[in-house]
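In the numbering used here, the protein residues as written are 49 to 320.
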């Protein structure tokens, strides 16, 4: 007796045909948020164990500035805590920030999973590839932020007048470092979200490409601020990476627009 074959869904059919109510959207959102929070907690626990090594690595720019100003007997360059609970509070802050970074694969995936239901099966395959690209891009951005961070500290310290003391409050110093890492990391995955907006029908590839002048200007200004004034090569490399990522996102969006137009033309058929 022949068994009935399960009907195969077309690649152009949305993964979920029914419309979700507001309550269903909220339940789905709660599920994704809880998974992301669980990953963050695990990341914080792992990070707290290694806070000593992280503090030592992050304090390297301060030691560099101290060595540069070592000839000045009146100069004091060191990390300080102004409250009794400051050292413990700093370790919690570090654990939280590093937890966000190392749990990025989980919360990035949950963000995409929440957006996926409205896409077709073919577009879902694309988004899986985008998530696979977003995770390494985020970590690459964090690495670049870590790379430029000592230069920023040195440049800012160079404005201190002779004989002055540079006492870096631990709370603000580490907030500055981790905010810098997150900002640069997120800037590296912004092109991925531009493509997501294109897939959702919010922005066309032409609209994204039209803003190339603003994107290039922002990339160059950011690279100029983040790298030493004398290091032109590093500035051009950082600006070039950001510009290439933007044009790659615009190119992919134009390709998806062309594929959609072609698909719609085939679906309509020849004119009578």
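The C-beta atom is built at its ideal place from N, Cα and C for all residues, glycine as well.
- For residue 214, the beta-bridge partners assigned by DSSP are 125.
- Pairing residue 220 with residue 128 gives a Cβ-Cβ distance that is not under 8 Å.
- Taking every protein chain shown into account, the CB of residue 74 has fewer than 16 other CB atoms within 10 angstroms, so this residue is exposed.
- Around residue 94, the same chain offers no residue with a beta carbon nearer than 6 Å, after the five sequence neighbours per side are excluded.
- Using a 10 angstroms sphere on the CB of residue 185, the tally of other CB atoms reaches 16 or more, which defines it as buried.
- Residue 301 and residue 133 have their C-alpha atoms roughly 50 Å apart.
- Selection 179, 229 and 126 evaluated against residue 145 yields 229 as nearest (Cα-Cα).
- Per the C-alpha coordinates, the member of 103, 250 and 263 positioned closest to residue 305 is 250.
- Rounded to the nearest whole angstrom, the CA to CA distance from residue 131 to residue 141 is 15 Å.
- Excluding its 5 nearest sequence neighbours in each direction, residue 89 has no C-beta neighbour in its own chain below 7 Å.
- In the displayed model, residue 184 falls within a helix according to three-state DSSP.
- Inclusion of residue 286 and residue 192 in the CB contact set at 8 Å is warranted, their separation being smaller than that value.
- Contact annotation: residue 112 and residue 210 have beta-carbon atoms that are not nearer than 8 Å.
- Collapsing the DSSP output to three states places residue 241 in a helix.
- Closest option to residue 110, judged by alpha-carbon separation, among 161, 138 and 222: 222.
- Pairing residue 188 with residue 176, the inter-Cα distance amounts to about 19 Å.
- Counting the other CB atoms within 10 Å of its CB gives residue 243 a total of 16 or more, which places it among the buried residues.
- Taking all protein chains shown into account, residue 86 has fewer than 16 neighbouring C-beta atoms within 10 Å of its C-beta and is therefore exposed.
- Excluding residues up to 5 positions away in sequence, 158, 159, 161 and 162 lie with their Cβ nearer than 8 Å to the Cβ of residue 80 in the same chain.
- Rounded to the nearest whole angstrom, the CA to CA distance from residue 91 to residue 299 is 35 Å.
- Per the C-alpha coordinates, the member of 148, 252 and 297 positioned closest to residue 239 is 297.
- Inclusion of residue 83 and residue 154 in the CB contact set at 8 Å is warranted, their separation being smaller than that value.
- DSSP places residue 146 in the uninterrupted alpha helix (DSSP H) bounded by 134-150.
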